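Peer 1:
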Amino acid sequence: MTDHYQPLPEHRFTFGLWTVGSTGRDPFGDPVRQKLSPVQLVHLLAEVGAYGVNFHDNDLVPIDATPAERDQIVKDFKQALAETGLVVPMATTNLFFDPAFKDGAFTSNDAQVRAYALQKTMRAIDLGAELGAGVYVFWGGREGTESDATKNPLDAGKRFREALNFLCEYVKDQGYALKFALEPKPNEPRSDIYLPTVGAMLGFIATLDHPEMVGVNPEVAHEHMAGLNFMHAVAQAWDAGKLFHIDLNDQKFGRYDQDFRFGAEMIKQAFFLVRFLEDVGYQGSRHFDAHAYRTGDYEDVKAFARGCMRTYLILKEKAARFNQDAEIQALLAEVTAQDESLSFLNGGYSRQKADRLKDMTFDRVALGARGLPYERLDQLTVELLLGVR
Ligand code: GLT
Ligand code: MN
Ligand code: MN
């Protein structure tokens, strides 16, 4: 029997080395799983059917590795990729773990730290480019404050802008085919992180020297931490031509960064997200930035990874069903029907149109009295998701 939900390369399912490689360490407890090497993780991902693997510089090459160690690690990693057929669509820099970055990297008050962060990122970009990455992510986990007595947000914004402008020029100078994707998060590990939402990042990108090279990497959990509708944020990024990458996972509102398996918590939101991505024809990676429960062993980690992809594919099938459901589509056609008498407003402003519109009379009371069948529409959606439709 064929499995409809089998992951295939065309689905572009990717995982970070840090995701399936999470040992379950948290602020309250030690690791519960043995650390696997990058090569072992590539084989694990191949076994579960992933298409690609992403990494931070130090997921692959330890921060204190010698050049000879680096070369050996990269060689072994490339061999594992060749053996399994996995690719590296995205790479990033770890600018949050080392104590040097305790007060930020590009936005640190310390000029030495900022320069070191730039140097570390250039080297990590070289590594990403060497392994074929087309997208380079920036998650500024430490770019923020506990107290606003410590840093001026205008200085921080200026420093962050200068760093990105410098790195865009570096990429152009090297001739790399690499685009940047900025990943917002409202807080954790800092009390407040600068540029906390997708909307904030989009506004910031417009102020860069090469905005065409820079987009966003929205993450489900990060918008949910801020209590926001993730699909709306993704839609805004898409509309701006800036959806360069996406981090899929799940999260309860109002919690710390839980990074749960995709679809583990908010099925309805996950459904509308998948439907959006599939309907608009998003071609980028479906990257799962999540990790298995701390209670699991590596068999459960595989179940977690398979679960992320399987839920995505089930929701994709549900989205196709939603789009073909006659009753749902009839209701949608009813509520979105065009009014031909207003078609003169199409195609933008003219003085004549404005005058004509000003002369019209609207029956405000009748407009307000119109019933909208949204309860029916939503219940049909829920029934479809619950599998009785
Ligand atoms: C870290 C963070 C993620 C980012 C990763 C990329 S690292 O796990 O929580 O959201 O996407 O730097
Ligand atoms: Mn997260
Ligand atoms: Mn992420």
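Letter by letter, the sequence shown follows residues 3 to 391 of the numbering used here.
The beta carbon of each residue, even a glycine, is placed where N, CA and C say it ideally should be.
The model shown is predicted, which means the values in this text are computed figures rather than measured ones.
Distance check for S110 and N60, CA to CA, integer angstroms please.
Peer 2: Each residue's alpha carbon lies about 20 Å from the other.
Peer 1: Evaluate contact between the segment 23-38 and the segment 334-347, counting only Cβ atoms and requiring at least three cross-stretch pairs below 8 Å.
Peer 2: No, because fewer than three Cβ pairs between the segment 23-38 and the segment 334-347 fall closer than 8 Å, the two stretches do not touch.
Peer 1: Assuming A321 and V276 make a contact with CB atoms under 8 Å, what is their CB distance in whole Å?
Peer 2: Correct: roughly 6 Å between the Cβ atoms.
Peer 1: When you compare the CB positions of A292 and R263, do they come within less than 8 Å of one another, or not?
Peer 2: The answer is yes: Cβ separation under 8 Å.
Peer 1: When you measure from the CB of H226 to every non-hydrogen atom of ligand 5, does any distance come out below 7 Å?
Peer 2: Within the structure as shown, ligand 5 is missing, the only ligands being ligand 1, ligand 2 and ligand 3.
Peer 1: Report the CB separation of L347 from P375 in whole angstroms; it is logged as a contact under 8 Å.
Peer 2: L347 to P375, Cβ: 25 Å. No contact.
Peer 1: Just to confirm, does V200 get its C-beta within under 7 Å of one of the non-hydrogen atoms of ligand 1?
Peer 2: No - ligand 1 has no heavy atom lying nearer than 7 Å to the Cβ of V200.
Peer 1: With a cut-off of 8 Å on the beta carbons, I'd call I195 and E148 a contact; round off their distance for me.
Peer 2: Their Cβ separation, rounded to whole angstroms, is 11 Å, which puts I195 and E148 out of contact at 8 Å.
Peer 1: Less than 7 Å between the CB of D252 and some heavy atom of ligand 2, yes or no?
Peer 2: The answer is no for D252.
Peer 1: Judging by CA-CA distance, which residue of P186, P198, V139 is the nearest neighbour of C435?
Peer 2: The chain is shown from 3 up to 391; residue 435 falls before or after that span and cannot be answered.
Peer 1: Does the distance from the CB of F290 to the CB of M233 come in under 8 Å?
Peer 2: Not closer than 8 Å, so no.
Peer 1: Does the contact criterion of 3 or more C-beta pairs under 8 Å hold for the segment 170-186 versus the segment 242-252?
Peer 2: Yes, the segment 170-186 touches the segment 242-252.
Peer 1: Please confirm whether L197 and V222 have their CB atoms less than 8 Å apart.
Peer 2: Taking 8 Å as the Cβ cut-off, L197 and V222 do not qualify as a contacting pair.
Peer 1: Beta carbon of E145: closer than 7 Å to some heavy atom of ligand 3?
Peer 2: Result no, Cβ not under 7 Å from ligand 3.
Peer 1: Grab me the residues of Y178's own chain with a C-beta within less than 6 Å of its C-beta, minus the 5 sequence neighbours each way, in chain order.
Peer 2: Excluding sequence neighbours, Y178 sits near A131.
Peer 1: Within a Cβ cutoff of 7 Å, which residues of the same chain sit near Q271, ignoring the five residues on either side of it in sequence?
Peer 2: Within the same chain, Q271 has close Cβ partners F232, M233.
Peer 1: List the residues that DSSP assigns as beta-bridge partners of G243.
Peer 2: Paired residue(s): none; G243 is not in a bridge.
Peer 1: Just to confirm the assignment: which complete beta strand (DSSP E) runs, minimum length 3, are found wholly within the segment 216-243?
Peer 2: The segment 216-243 contains these whole beta strand (DSSP E) runs: 216-218.
Peer 1: Where E71 and A126 are concerned, what is the direct C-alpha to C-alpha distance, given to the nearest angstrom?
Peer 2: Rounded to the nearest angstrom, the two C-alpha atoms are 15 Å apart.
Peer 1: Can you list, in chain order, every residue whose CB sits closer than 5 Å to a heavy atom of ligand 2?
Peer 2: Residues with a Cβ closer than 5 Å to any heavy atom of ligand 2, in chain order: A223, D259, D261.
Peer 1: For A48, which of T86, Y258, R366 has the nearest alpha-carbon?
Peer 2: Nearest option by C-alpha distance: T86.
Peer 1: Give the single residue among S39, V50, V41, L19 whose Cα lies nearest to the Cα of Q8.
Peer 2: Nearest option by C-alpha distance: V50.
Peer 1: Using the three-state DSSP reduction, which class does N96 fall into: helix, strand or coil?
Peer 2: Of the three classes helix, strand and coil, the one that applies to N96 here is coil, per DSSP.
Peer 1: Taking the CB atoms as reference points, tell me whether I75 and A82 lie closer together than 8 Å.
Peer 2: No, these two residues do not count as a Cβ contact at 8 Å.
Peer 1: So, for R391: in the same chain, excluding its five sequence neighbours on each side, which residues have a beta-carbon less than 6 Å away from its beta-carbon?
Peer 2: These residues qualify, in order along the chain: E385.
Peer 1: Can you tell me where the beta strand (DSSP E) with L184 in it begins and where it stops?
Peer 2: Per DSSP, L184 belongs to the beta strand (DSSP E) from 181-185.
Peer 1: Find the nearest neighbour of A208 within the set P191, A239, K187, judged by alpha-carbon distance.
Peer 2: Ranking P191, A239, K187 by Cα distance to A208 puts A239 first.
Peer 1: Rounded to whole angstroms, what is the Cα-Cα separation between Q331 and P64?
Peer 2: Spanning the two alpha carbons is a distance of roughly 53 Å.
Peer 1: Using only CA atoms, which one of L10, A113, D5, G23 lies nearest to F306?
Peer 2: Nearest of L10, A113, D5, G23 to F306, Cα basis: G23.
Peer 1: Under a Cβ-count criterion, where at least 16 other Cβ atoms within 10 Å of its own Cβ denotes burial, should K37 be classed as buried or exposed?
Peer 2: Classification of K37: exposed, given that the 10 Å Cβ count is below 16.
Peer 1: For the alpha helix (DSSP H) containing H45, list its first residue and its last residue.
Peer 2: Counting along the chain, the alpha helix (DSSP H) containing H45 begins and ends at 40-50.
Peer 1: Ligand 1 heavy atoms versus the CB of E171: any closer than 7 Å?
Peer 2: Not under cutoff, so the answer is no.
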